[in-house]
Each structure stands twice: as C-alpha cells, then as structure tokens.
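Structure first, commentary second.
Residue numbers (our numbering), protein chains in the order written: chain A, 1 to 304; chain B, 305 to 608.
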C-alpha cells in the first residue's frame, strides 16, 4: 500500500485507528474457550479475531496482531496468526496489516524475516528493532508497497533507559547534525539515510522513504514535536492510547502532518471491553467511539 | 541449567562450542529435498537438524536454532523448531538450548515471549534485544535455571551504528560511572542492576546474575577486555567465528574468565560444510576440529 492510498483510506473512513489484535486466551470470553474444549477444530483465537474484525472494520484502517500473543501458543498460535492475516486480506482488502514482531538480526537473518512477513504472510508492514543497526534493517526495505515500522520512542517506561539518553555520533561521522542527539533521534535520522541506499529487490522498484514509519508511544507527549522536525513526512505508529494512558488530543496536536501522518493503535481498550457473548458488538462500539473522536479532529484539521 | 553445570559440561567435553542451527532449505542437501517432495510426512528441516545434532553432539555443549530460519516456513517451520528442541531435550539432555529470537517488547508482551520460550518450549536461554529498556527485559528474568542472553555488541557491521556510540546517562541517573560510556557498555551495566531487582516467578527463587549472558561478536576483538571489566563473571555468547571472520584465539585471549565464560557459536561453517549425503559426517568433523582447538586452549588455561 502506498502512502497516498493509506491517506485516502483515512479520509474515506474518517479514521486513523489501528486495532491491536493482542489476543490472549486468558482474556477471551469464556464461552469461546468452552466451545474449543468441545470441538478440536474450533480455534478460539481465530474466532475471537474474526468477530472483532467484523465488528471493528468499518471504524479502523489497520490491524496489528502482535506476534507474541500467537507464538505463546506455538504451532496452534502460528496457524491462528496466518488465518487472521488471510481473513483480513480476503474480507477487508483495504485494511493495512501490521505484523508487530519487533524483529532485527544480522543481514542474512533479517532478510529471512523480511521474506517471511512480506512474501509468505503478505502483511503490509512489520515492526523492526534498530539496536543492531543498518544491515539489520535494510533487508526489510526495498519491498515495493511494504513498510518498515522502526522502533523509535516506545510507550513503555523502559523507553527512558536508552532511547532518551543523549548520544554522540560514532567515530567517523563528523556531521554536526549527528552529534548531541538522543538515541531515538539518531535512529530516526540514520534510518532515513539507509532507506536512500537500500537496493531494489526482485527487479522491482526499491524502497521509498514514504514506506518507513516510526513507533512513537502516545505517552511521549511533546517529543512528537521533536520527531516531526526530524521526520516531517513520515507516518508514525502510535501505541499507548487507552490502557497505557496516552492522550489522542495531545498526539494529534504535536504529531499531525499534511497526510495525517498518524496511525493510532488501541488494543486492550477495544478488544477486551466486554467478556460476554456481546464482546464483538461492544468492541465495535468502542472502536466507533474512537473513530468519532478522530473524525472530529480530522474535520477540523483537514477540512474534509 | 546453572552456571556451575554449564562449566562442568565445558570441562567434561573440553569444548565451549555452540552449533547454530540456521537451517535454510536453500542450503540443505538436495537429496533431503527430493525425499520431502515424495513424502509429505518427511520434514527436511527437522531431518537435517537431527542428523547434524547426532553428528556434532559429542563436540559441543550447546545448540542455537535461530527462529528466523524456522518462521520463514510458517507453520511447518514452527513445527520443525519444536521437534528439534524436543529431540535435543530427549536425546542429549546435557545440551544447553538457545532460542536465538532477539525478542523484546513492552512488559506484558515480553512476559508472553518468556512464557513461550521457557514454559512452552522449555529451552534454556533466549536472546533478547535491549532497545526498549528494563520492562522489556525483566519478564525474561526470574525463571530459575533459565537464561537471558542480552544483545550487547553484535558481530555485524551495523553494530557500529548505535552500539559503539558514546552515550551519557539519562536524566535522573547522576552516578558518574553511568556517564560517558558507549551504548553497549551502558546496556551491560544497567542490565546487571535490573537482574537484582527482578521479582521471582511462580513461587520459586528468582533470577540470579549468573543467568544473564551477553552477545558479543567474535569480530569485536579487544572490546572483550572492556566488557570483562564490566561483566567479569558473566558468560558471553560469541557468534561470528567462521563465516563472519572472527578469531577464536583473540576471543579467548580477551574473553576468558575463571568459569571459561565463553560459548562460541559457529553455524554455517559447520552445518553447511558439505552438501552431499556425507553432510552430517563432515559437519561432525568440522565440529571436532573446533572442539580440538578449544581443548588445546582449555588445557593451557585451566590446566585440566
């Protein structure tokens, strides 16, 4: 999906909501688990996701299954993940699918992860951890229409440990602009250089800077303004609204750009809003509430 | 496995070799693939691993399957991974099994990854990426006898991008020792503080500092001396010998401690040394060669 298509979807649906499919069998409604215990062909994870997706699809533009929740069930979980991606692809082809995997390894290994998520799974985007540097990230770049979402400034308390620490440039890099930045700022700056250098894959056109996105936690408030100075055109994936306490208003105030530039994720506050047979219906209502808030800010900002 | 047990295995086998099971269907012998195409119940990934394990087990003390290679085949790959772990557990219970997964996410999500690898899979150790800080790492700590292997200074070129950059301490931390260190050094220092604070899990005794290990690439040469000043007692997992060009002698010279303190990994140079029906036999020979080099340095250093 191109940046333009993503923006069109946002305008059409008046929403920049991503629903996080952090599906935990300890939190899904009891009746789904009871059905599973009686019928081995019934997969509670997938059935939960399917119902949540059907109920929320009109109000969101993206889904983000977090791989941890699927891997926790081994092979069964992996099957549920694959079925979920396939279901979204077939039923709601305009939805942007993010594999929240936070992968990153040496070059040949990252290339395998890229192949897995972009070729085997056919998701639109994968989250990538930057600690191992350039050759751990570039194999994910260069798949036309596929996005890399790099961890920059995350929503958790641990983001303070390293991401916010001031960092000087490594030896050899003497550009003044690369010095005395915080780690997350250096990650954002450097990665934009990498994307320019990424070689094309499969004879197709290579990566474009527009398919690089950054994770910035909703809890990070005014840091959005600093990030917009470094990455004015990029989309930001913003977790941390809802259960983690971030504010939609504050995120919009500092995070907007002329293509919206924001995908705001909510997981637990939507998918676990109700634990009865009405769970999907209530999830739909919660997603609609968020969509309506978004519609209001979109109208006032973009006048559409 | 405790640190003492690991050291006993090293002394008994006169080896601190880890064989990396980076099993790529593009590189396994052709005849295994032909067998797979004729018999859908034949799993070339697992059969390759099984033969490699049987041939190399006398010469190594650990196996390290890299998850990327398994995930690349989706559900089938995940099954091969689970079968491989189970096979090692049952046939070679003294082997230390490392899931090279490089995971790390917000607290509740890292907790799920920890449960997956330590409870569902029953591996001994998992590699963890530090970028997201304390709450992304601590959920992996506190499983008695299970190890966290934190990325510190990796073997790839990209390690220069952020890991080697000088970092000042974040606001609030005013200890002089935390300032003006390179990122990988701050990661090593901080993580030792986290392990002290990790709460026990499941009513059992909590994490001990001895079950924290660091990834340090064999290509990093004299940085081992700096790391030993910060982490004198910890084991280091050392990839990058062989295909990536690191030197065993140099690693030992700077990396030893009184419990050996090194697990040196070799993947491609052992498992793909031969692509004929003799592949496992040749892998065994290559592993034996490395073991003999290790025996020689172990004897001269520990006089055993």
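Virtual Cβ for every residue (Gly too), placed ideally from N, Cα, C.
How big is the Cα-Cα spacing for residue i and residue j?
i, j, result
"residue 418(B)", "residue 182(A)", "29 Å"
"residue 471(B)", "residue 494(B)", "13 Å"
"residue 449(B)", "residue 192(A)", "42 Å"
"residue 590(B)", "residue 600(B)", "16 Å"
"residue 261(A)", "residue 301(A)", "12 Å"
"residue 90(A)", "residue 97(A)", "12 Å"
"residue 225(A)", "residue 255(A)", "7 Å"
"residue 102(A)", "residue 539(B)", "25 Å"
"residue 95(A)", "residue 141(A)", "21 Å"
"residue 578(B)", "residue 75(A)", "31 Å"
"residue 136(A)", "residue 363(B)", "31 Å"
"residue 342(B)", "residue 335(B)", "11 Å"
"residue 437(B)", "residue 354(B)", "37 Å"
"residue 585(B)", "residue 359(B)", "6 Å"
"residue 35(A)", "residue 47(A)", "10 Å"
"residue 69(A)", "residue 126(A)", "15 Å"
"residue 265(A)", "residue 17(A)", "6 Å"
"residue 598(B)", "residue 319(B)", "6 Å"
"residue 458(B)", "residue 567(B)", "14 Å"
"residue 524(B)", "residue 552(B)", "12 Å"
Give a yes or no on whether the minimum CB-CB distance between residue i and chain B is below 7 Å.
i, result
"residue 45(A)", "no"
"residue 156(A)", "yes"
"residue 265(A)", "no"
"residue 127(A)", "no"
"residue 98(A)", "no"
"residue 57(A)", "no"
"residue 237(A)", "no"
"residue 151(A)", "yes"
"residue 205(A)", "Annotation note: pLDDT 49 at residue 205(A) (below 50); position unreliable, no value reported."
"residue 176(A)", "In this prediction, residue 176(A) scores a pLDDT of 47, lower than 50, which makes its location untrustworthy; the coordinate-derived value is nonetheless stated afterwards. So no, residue 176(A) is outside the interface."
Quick check on residue i - is its C-beta less than 7 Å from some C-beta in chain A?
i, result
"residue 375(B)", "yes"
"residue 530(B)", "no"
"residue 346(B)", "no"
"residue 340(B)", "no"
"residue 419(B)", "yes"
"residue 440(B)", "yes"
"residue 517(B)", "no"
"residue 576(B)", "no"
"residue 590(B)", "no"
"residue 435(B)", "yes"
"residue 505(B)", "For residue 505(B), the predicted model reports a pLDDT of 46, less than 50, meaning its position is unreliable; a value from the coordinates is still stated below. By this cut-off, residue 505(B) is not an interface position."
"residue 557(B)", "no"
"residue 406(B)", "yes"
Chain A partners of residue i, CB-CB under 8 Å?
i, result
"residue 451(B)", "What residue 451(B) touches in chain A: nothing, since even the nearest Cβ is about 19 Å away."
"residue 321(B)", "None at all; the shortest Cβ gap to chain A is about 19 Å."
List, in chain order, every chain A residue whose beta-carbon is nearer than 7 Å to that of residue i.
i, result
"residue 494(B)", "161"
"residue 332(B)", "Under the 7 Å cutoff, chain A gives no residues; its nearest Cβ is about 14 Å from residue 332(B)."
"residue 379(B)", "75, 78, 79 and 82"
"residue 586(B)", "Those within 7 Å of residue 586(B) in chain A number zero; the least Cβ separation is about 21 Å."
Just reading off the beta strand (DSSP E) that residue i is part of, what are its end residues?
i, result
"residue 265(A)", "262-266"
"residue 558(B)", "Where residue 558(B) is concerned, there is no enclosing beta strand (DSSP E), although the alpha helix (DSSP H) it sits in stretches over 552-559."
"residue 63(A)", "62-65"
"residue 518(B)", "516-520"
"residue 151(A)", "147-153"
So which residues of chain B does residue i contact, with C-beta pairs closer than 8 Å?
i, result
"residue 197(A)", "By Cβ distance, chain B contributes nothing, its closest Cβ being about 13 Å from residue 197(A), past 8 Å."
"residue 218(A)", "None at all; the shortest Cβ gap to chain B is about 12 Å."
"residue 298(A)", "By Cβ distance, chain B contributes nothing, its closest Cβ being about 28 Å from residue 298(A), past 8 Å."
Identify the continuous alpha helix (DSSP H) that holds residue i and give its terminal residues.
i, result
"residue 87(A)", "74-91"
"residue 317(B)", "307-317"
"residue 284(A)", "279-302"
"residue 196(A)", "183-197"
"residue 411(B)", "411-418"
"residue 579(B)", "First-last for residue 579(B): undefined, no H or E at that position."
"residue 223(A)", "223-230"
Can you list the residues of chain B that residue i reaches, using a CB-CB cut of under 9 Å?
i, result
"residue 120(A)", "375, 376, 377 and 378"
"residue 66(A)", "409, 413 and 416"
"residue 183(A)", "435, 466, 469, 471 and 487"
Name the chain A residues that come within less than 9 Å of residue i, Cβ to Cβ?
i, result
"residue 279(B)", "Because chain B in this structure spans residues 305 to 608, residue 279(B) falls outside the shown range and cannot be described."
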